[in-house]
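A.B. asks: My questions will all concern the structure given below.
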Amino acid sequence: MSLTLKQIDLTHKKELTAFIDLPWSLYKNDPYWIPPLKMALRDLLDVKKHPFYKTAEVACWIVLKDKKTVGRIMAIHNYTYNSFEKNHIGHFGLFETINDPSVAKLLIETAANYLKQKGCTSLQGPMNPGTNYECGLLVDDFNDSPQIMMTYNHAYYETLLTDLGFKKAMDLLAYNVKADFTMPKIILDIAERTEKKSKVTYRILNLKNWNQELDTMFEIYNSAWEANWGFVPMTKEEFYHTAKDLKSIVDPNLVHFAIVDGVVAGFILTLPDLNQVFREIPSGNLSPMAIFKILTAKSRISRVRVITLGIKKEFRKMGLETLLYKHNHIAIQKNQRIINIEMSWILETNIEMNKPLIRMAGSAYKRYRLVERAIL
1 MSLTLKQIDL
11 THKKELTAFI
21 DLPWSLYKND
31 PYWIPPLKMA
41 LRDLLDVKKH
51 PFYKTAEVAC
61 WIVLKDKKTV
71 GRIMAIHNYT
81 YNSFEKNHIG
91 HFGLFETIND
101 PSVAKLLIET
111 AANYLKQKGC
121 TSLQGPMNPG
131 TNYECGLLVD
141 DFNDSPQIMM
151 TYNHAYYETL
161 LTDLGFKKAM
171 DLLAYNVKAD
181 FTMPKIILDI
191 AERTEKKSKV
201 TYRILNLKNW
211 NQELDTMFEI
221 YNSAWEANWG
231 FVPMTKEEFY
241 HTAKDLKSIV
251 DPNLVHFAIV
261 DGVVAGFILT
271 LPDLNQVFRE
281 IPSGNLSPMA
291 IFKILTAKSR
301 ISRVRVITLG
311 IKKEFRKMGL
321 ETLLYKHNHI
331 AIQKNQRIIN
341 IEMSWILETN
351 IEMNKPLIRM
361 AGSAYKRYRL
371 VERAIL
């Protein structure tokens, strides 16, 4: 059976649909796969409107076998990333394939050849389409559904990519605890000492000042992560675009800011796991019933994900992260519907962030991998 490679025009409705729809056939019998909202995927792939593409160039392909789509890939040349990191790395993302080495090879080699023409010397991924979005290959624990904004894939993907010469570039860790867990005494003690400092306070998110709050979070976000492996600073337009749907789902009681001498120094963002609702929308289409399910989701969501905790570099080593963990956990426990907390993702090399999470959860329960190989 011969394979047919087809480049996709993301502005062409029928071709875009073929690219988007593939996972529904690949995972139709997988009980842990969560169908994403197709509207969200169309937004992410809107090269004319999404601000990500103002500083990146992409190309997409599908592979057909007997006229059936069996694989897809996006090649990403991210100018901002290479300028910030001072390298020549190309990325691949939105990678999906049947368990067939020939399909995987055709997709990867096509992306590599495209990026080689752009001056890239290595290929890294999966990025969907960058570290500020969903990224990483699930390599550990396939017995649970992913939480909101986390990836999921078949276990055979790791073997396919390893056989094509990819090696680990970085692992991203996820931790999991029951909502009623007891916060370790050492974290509470540090938080108490931090709170006794007269210049240190905290507050929750103010939805009435949403845009101002976004400005604050944007400033902290780019400051807190600028030295992290793989970090790409977001433009304000990109940050706002990414956050545009958060206002309708965020619980302000689960977003806390640490304040030092009147200056917001850090924040923690915890989101309800909407994947529990998306599971009830198998088509991924926003029908009136699907919209109703999303709008009434709060009563059915029992999991949350601590998605971000960031401290400005000038306020680190003050114990502010313990203050944020403490009050975020207190707020979670007050919501009796919540029974499970995921904290993700954290670079495996970020000892400062992993240490308190190990104290809380014992060990990481999921591992996501970014892989890399040379472009020959």
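The numbering used here puts the first residue of the sequence shown at 1, with every later residue one more than the last.
The beta-carbon is built from N, C-alpha and C at its ideal position, and this holds for glycine as well.
Could you give the C-beta distance for D273 and R303, rounded to a whole number, given that I count them as a contact under 8 Å?
C.D. replies: With 8 Å as the limit, D273 and R303 qualify as a contact, their Cβ atoms being about 4 Å apart.
A.B. asks: Would you identify the three-state DSSP class for R72, choosing helix, strand or coil?
C.D. replies: Residue state, collapsed to three classes: strand.
A.B. asks: Can you list, in chain order, the residues of its chain whose CB lies under 8 Å from that of V47, leaving out five sequence neighbours each side?
C.D. replies: These residues qualify, in order along the chain: L10, T11, Y53 and V58.
A.B. asks: Any idea what DSSP makes of E372, helix, strand or coil?
C.D. replies: In the structure shown, E372 sits in a strand (DSSP, three-state: E or B).
A.B. asks: Out of curiosity, what's the CA-to-CA distance linking N228 and K67?
C.D. replies: When rounded, the distance between both Cα atoms is 43 Å.
A.B. asks: Beta-carbon separation of Y202 and I259 under 8 Å?
C.D. replies: Yes, they are a contact pair.
A.B. asks: From which residue to which residue does the alpha helix (DSSP H) around Q276 run?
C.D. replies: Per DSSP, Q276 belongs to the alpha helix (DSSP H) from N275 to F278.
A.B. asks: Measuring straight from C-alpha to C-alpha, what distance separates D245 and W210?
C.D. replies: If I take the Cα positions, the gap works out to 12 Å.
A.B. asks: Who are N78's beta bridge partners in DSSP?
C.D. replies: Note: N78 sits in a beta bridge opposite A56.
A.B. asks: Taking the C-alpha atoms as reference points, what is the distance between S102 and S248?
C.D. replies: C-alpha separation (whole angstroms): 44 Å.
A.B. asks: N87 bridges to which residues according to DSSP?
C.D. replies: N87 is not bridged to any residue.
A.B. asks: Output needed for Y81: all residues of its chain with C-beta closer than 6 Å, excluding positions within five of it in sequence on either side, in chain order.
C.D. replies: Once the five neighbours on either side are set aside, the close Cβ partners of Y81 are V232.
A.B. asks: Could you give the distance in angstroms between the alpha-carbon of R359 and the alpha-carbon of P184?
C.D. replies: Rounded to the nearest angstrom, the two C-alpha atoms are 7 Å apart.
A.B. asks: Closer than 7 Å: is that where the CB of I20 sits relative to any heavy atom of the ligand MN?
C.D. replies: The ligand MN is absent from the structure shown, which contains no ligand whatsoever.
A.B. asks: I'd like the span of the alpha helix (DSSP H) that includes H329, first residue to last.
C.D. replies: Counting along the chain, the alpha helix (DSSP H) containing H329 begins and ends at L320 to K334.
A.B. asks: Beta strand (DSSP E) containing N340: first to last residue?
C.D. replies: Residues N340 to L347.
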